[in-house]
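Under full-length UniProt numbering, the sequence shown has 202 at position 202, and the numbering climbs by one with no breaks.
In this text, a Cβ means the ideal position worked out from N, Cα and C, and glycines have one as well.
Working notes, beginning with the structure itself.
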Amino acid sequence: MPRSKKGKRGSGKPGSLRQEVLQLQLSAKASLKGIKNGVKGESGASDDELTSDILSHYSSASETASVLDEGTGGEQVDEKTAQEETEDKLKQCIDNLMDKSAKTRLAALESLRQAFSSRVLYDFLTERRLTISDCVERSLKKGSGEEQAAAATVFALLCIQLGGGDEAEEGFKMLRPIFTAILIDNSASIAARQSCARALGMCCYVSAAEDGEDLIKSLALLESIFMSSYPNREGTLPTPKPGSPGLHSAALQAWSLLVTLCPASRLTVLLDLHLPKLKACLESNDVNYRIAVGETIALLVELGRDIDEEFEVEDSESLCESLKSLATDGNKHRAKNDRRKQRSIFREVLHYIENEDFTEEKIRFGVESVYIDGWMRRRIYDAFKEILESGVRHHLQFNPLLRDIFGLGPPLILDATVKGNKISRFEKHLFNSAAFKARTKQRNKVRDKRADVM
1 MPRSKKGKRG SGKPGSLRQE VLQLQLSAKA SLKGIKNGVK GESGASDDEL
51 TSDILSHYSS ASETASVLDE GTGGEQVDEK TAQEETEDKL KQCIDNLMDK
101 SAKTRLAALE SLRQAFSSRV LYDFLTERRL TISDCVERSL KKGSGEEQAA
151 AATVFALLCI QLGGGDEAEE GFKMLRPIFT AILIDNSASI AARQSCARAL
201 GMCCYVSAAE DGEDLIKSLA LLESIFMSSY PNREGTLPTP KPGSPGLHSA
251 ALQAWSLLVT LCPASRLTVL LDLHLPKLKA CLESNDVNYR IAVGETIALL
301 VELGRDIDEE FEVEDSESLC ESLKSLATDG NKHRAKNDRR KQRSIFREVL
351 HYIENEDFTE EKIRFGVESV YIDGWMRRRI YDAFKEILES GVRHHLQFNP
401 LLRDIFGLGP PLILDATVKG NKISRFEKHL FNSAAFKART KQRNKVRDKR
451 ADVM
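Now the structure itself:
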């Protein structure tokens, strides 16, 4: 690819910047008389010292001009240096995961979380995945609740970084029993259990998506967590324990992510079992759990309609009445922001259940966009956003795993000519939708293979 000549800048004349710097160097000594009267009296610096300082300053400017004249060499050196510095810091963080101090380990986990979520580090992490996995395992087994929560998140990010290949699957099989132990331990920290639920769902989704046995075990484990919020035989919702709605929400959202991988035969069973119970959970006192339940209902209905165009929700009139009530909730006892958020979500859920309408959302990153045009696509995007946070757009742009999941193809390499020939919004939307549908068909083939296992 031809590179532009960096020497022609500013006035457009070759070497104009170098000439300007040389003129400044020559004027330095001439300016000395005006400087030394004001400066020398205060600092005691000699004429030679002042001259040396000034010429040193302009010398560095001259070196900068030389780098610019030489093209992108300086930029490449700077980029390589920055990468080496980053890797050195990451190596130190990995070493700190083995420190005796809990505070040091926690700080290292937080630094790794930020690094893993904000950039793609596949080559660096592939060589160190076993070391990181061992350290995460140690933190999960022996750390405090806060350390366990941080370690689970870091491992989920590691799986995303590794791209869901054999390396990630190997790590997931090693840590799944530990995630399980923490999740079912009622004495464990709620924050740690929530983080383990999210990590279990994400790691299973990206690294064990074609393994029916792991998928079944993970679904069953997550079900055992949130089903404790289901109504009893009398139809009464249990009184939630402190922190349990947050745990139920995390488990339900992780479960719904994995449901998108299930074959049609399994989906039919799940729909019959869970839709009636989830409808009752719309009466929960916790706004975030109500919202998680509403979104899960919409997702299950969408999946049901995908496998059977004639699919209908049992007792749909009663469901729609409940959704209408939540979509227009004006209860003054609820916080204003909670009411606004709840009304917005449940209006969308109601419109989809009644009319199959979905409010499309466009996510921009770089010169590209992803269209969220269904509940399944939204659940997948939200799951990655929960883990990656503000780094989700960077990963959509550069992480091959996310680009594959959302049908974006290989990461783009852009130059000025490409940027000047952008395709229209409508063309992008058509391509995006077609790519996602093609990938969905491919995943359905994998579902059919898993059906035999299930």
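Beta-carbon gap between residue i and residue j smaller than 8 angstroms
{"i": "ALA280", "j": "GLY212", "result": "no"}
{"i": "LEU175", "j": "PHE155", "result": "yes"}
{"i": "CYS159", "j": "PHE179", "result": "no"}
{"i": "GLY145", "j": "ALA188", "result": "yes"}
{"i": "GLY201", "j": "ALA152", "result": "no"}
{"i": "ALA251", "j": "ILE216", "result": "no"}
{"i": "PHE124", "j": "GLU87", "result": "yes"}
{"i": "GLY294", "j": "ILE345", "result": "yes"}
{"i": "ILE268", "j": "ILE380", "result": "In the sequence as presented, Ile is not what sits at residue 268; that position holds Thr. No, these two residues do not count as a Cβ contact at 8 angstroms."}
{"i": "PHE365", "j": "GLN342", "result": "no"}
{"i": "LEU204", "j": "SER218", "result": "A small correction: the amino acid at residue 204 is Cys; Leu does not occupy that position in the sequence shown. Contact: yes."}
{"i": "VAL287", "j": "ASP338", "result": "yes"}
{"i": "LEU162", "j": "THR104", "result": "no"}
{"i": "PRO242", "j": "SER229", "result": "no"}
{"i": "ALA108", "j": "LEU97", "result": "yes"}
One or two residues paired with residue i in a DSSP bridge
{"i": "PHE365", "result": "GLU368"}
Residue i, DSSP secondary structure in three states
{"i": "MET202", "result": "helix"}
{"i": "TYR58", "result": "Its pLDDT being 38, under 50, TYR58 is placed unreliably by the model, and the measurement read from it follows with that caveat. In the structure shown, TYR58 sits in a helix (DSSP, three-state: H, G or I)."}
{"i": "ARG176", "result": "helix"}
{"i": "ASP78", "result": "helix"}
{"i": "PRO231", "result": "coil"}
{"i": "ASP286", "result": "coil"}
{"i": "ALA298", "result": "helix"}
{"i": "CYS281", "result": "helix"}
{"i": "ILE291", "result": "helix"}
{"i": "THR260", "result": "coil"}
{"i": "GLY246", "result": "helix"}
{"i": "GLY409", "result": "coil"}
{"i": "LYS241", "result": "coil"}
{"i": "ASP315", "result": "coil"}
{"i": "ALA220", "result": "helix"}
{"i": "SER195", "result": "helix"}
{"i": "ASP306", "result": "helix"}
{"i": "THR236", "result": "coil"}
{"i": "ALA188", "result": "coil"}
{"i": "GLY212", "result": "helix"}
{"i": "GLY171", "result": "helix"}
Anticipated Cβ contact below 8 angstroms, residue i with residue j, distance rounded
{"i": "ALA168", "j": "LEU106", "result": "Actually they do not touch by this definition, with Cβ atoms about 24 angstroms apart."}
{"i": "ILE353", "j": "SER316", "result": "7 angstroms"}
{"i": "LEU237", "j": "GLU283", "result": "6 angstroms"}
{"i": "VAL206", "j": "HIS395", "result": "VAL206 to HIS395, Cβ: 12 angstroms. No contact."}
{"i": "MET376", "j": "LEU299", "result": "6 angstroms"}
{"i": "LEU183", "j": "ARG198", "result": "11 angstroms between Cβ atoms; not a contact."}
Residue i: CB within 7 angstroms of a non-hydrogen atom of the ligand ADP
{"i": "GLY201", "result": "What this structure holds is no ligand at all, so the ligand ADP is not there to describe."}
Inset, instruction - Note down, one range per segment and in chain order, each alpha helix (DSSP H) of at least 4 residues found wholly within the segment 321 to 405. - result: Counting whole runs of 4 or more residues, the segment 321 to 405 contains the alpha helix (DSSP H) stretches 336 to 355, 375 to 388, 392 to 398, 400 to 405.
Inset, instruction - Kindly provide the ranges of any alpha helix (DSSP H) runs that are 4 or more residues long and lie completely inside the segment 89 to 162, ordered along the chain. - result: Within the segment 89 to 162, the complete alpha helix (DSSP H) runs of at least 4 residues are 102 to 118, 122 to 126, 129 to 142, 145 to 162.
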